[in-house]
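Residue numbering for the sequence shown follows numbering that gives the first Met the number 0, beginning at 0 and increasing consecutively. Glycine residues also receive a C-beta, built at the ideal position from the N, C-alpha and C atoms. Notes for the one structure printed next.
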Amino acid sequence: MNEFLEYITQQLSNLTVEVLLRTVLILLFIFAAVRLTKWFLRKVFTLEHARKRRDVDETLFNFFHTAVAAGMYVLIFFTGASMLKVPMTGFITALGSIGLALGLALQGGLSNLAGSVMIMLFRPFADGDFIDAGGTTGTVKDIGFFYTTLVTPDNRRITVPNGTLSSSTVTNYSAMENRRVDIEFSASYASDIDRVIGVMQRVAGAHPLTLDDPAPFTRLLRQDDSALVFVLRVWCRAADYWTVYFDMNEQMKRAFDEAGIEIPFPQLDVHSRD
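Below, the structure written as structure tokens:
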């Protein structure tokens with residue numbers, strides 16, 4: 000009986016030592032793996048390293064940086080669990096059930112996550128771009144996993160779900176280096192067409208922010224009930240769009256006044272019969 004108890008005690012002692020040794024080794028592995036992952040992300044996968052290459056988009060880089068970090072930590076977790084001889088089949092089944100339940104409860108969140116992936120892959124806009132999407136206009140400040148933050152010209156902060164952005168039409172005003180400014184001006188029917196066009200061409204060409212190539216374009220657009228409507232099309236850098244737009248309106252009014260070109264009010268001719 001004593002020999003049996005001694006055998007059991009010896010086996011328990013050996014098992015305890017083995018478990019302790021395995022636990023220590025696993026903890027050392029996890030510690031070393033986490034430190035190595037942090038070193039890799041800090042030294043190899045850094046934003047400063049990406050900025051040295053002009054073809055790397057900062058927003059896209061941040062997205063994949065987070066995804067790589069999450070993937071590496073998940074890999075460490077499953078490796079450690081397998082070393083502890085955790086029954087992975089049951090664990091994965093339970094994890095899948097939890098994931099399914101969360102997916103059903105968070106369908107909108109998953110839609111936004113899928114939208115963020117589409118935005119990152121197709122790049123309709125980036126941080127700092129001025130966009131119009133689904134009736135929301137503003138400058139992109141942050142593209143997250145679920146939401147994109149815009150700041151409007153009057154300094155309001157708007158958070159838009161990525162699912163909405165990925166499924167709506169997006170107008171990116173910052174995508175191209177140059178933009179065309181289209182403005183219509185009215186003159187009376189008594190005005191000389193060539194003279195009006197000459198004044199508009201002179202004002203547009205004299206502005207320091209308008210481009211010579213393509214050259215400013217001015218023609219009679221249509222004949223309204225009370226006025227001749229001329230169109231002015233000038234090109235400028237995208238950042239100068241609103242400056243040129245407002246300057247053209249102000250300077251053209253002054254130039255018309257100096258040249259004696261009348262800007263008519265709506266008129267209605269009434270004929271009566273006795």
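Per-residue DSSP class, three states only, for residue i
i: G137; result: strand
i: D256; result: helix
i: Y146; result: strand
i: R155; result: coil
i: I262; result: coil
i: D246; result: helix
i: A132; result: strand
Limits of the beta strand (DSSP E) - the one that residue i falls within
i: A186; result: 177 to 186
i: F194; result: Sequence check: residue 194 is Arg here, not Phe. Per DSSP, R194 belongs to no beta strand (DSSP E); it is in the alpha helix (DSSP H), 192 to 205.
i: L219; result: 216 to 222
i: L164; result: L164 -> not in any beta strand (DSSP E); alpha helix (DSSP H) instead, spanning 161 to 165.
i: F229; result: 227 to 236
Unbroken alpha helix (DSSP H) run spanning residue i, endpoints
i: N171; result: Per DSSP, N171 belongs to no alpha helix (DSSP H); it is in the beta strand (DSSP E), 169 to 171.
Option nearest residue i by Cα separation, candidates the options
i: S225; options: T242, P215, E261; result: E261
i: I75; options: L112, P123, L35; result: L35
i: I118; options: T242, I142, I130, T138; result: I142
i: T242; options: A68, V230, P207, R155; result: P207
i: L231; options: A237, Y244, F216; result: F216
i: V169; options: G70, F129, D246; result: F129
i: M247; options: D256, V233, A238, T78; result: V233
inquiry  = Would the region 158 to 166 count as touching the region 178 to 196 if we require 3 or more Cβ pairs under 8 Å?
reply    = no
message = Check whether the region 144 to 152 and the region 216 to 232 touch, using three or more Cβ-Cβ pairs below 8 Å as the test.
response = no
inquiry  = Assess contact between the region 242 to 252 and the region 199 to 218, defined as three or more Cβ pairs (one per stretch) separated by less than 8 Å. Is contact present?
reply    = yes
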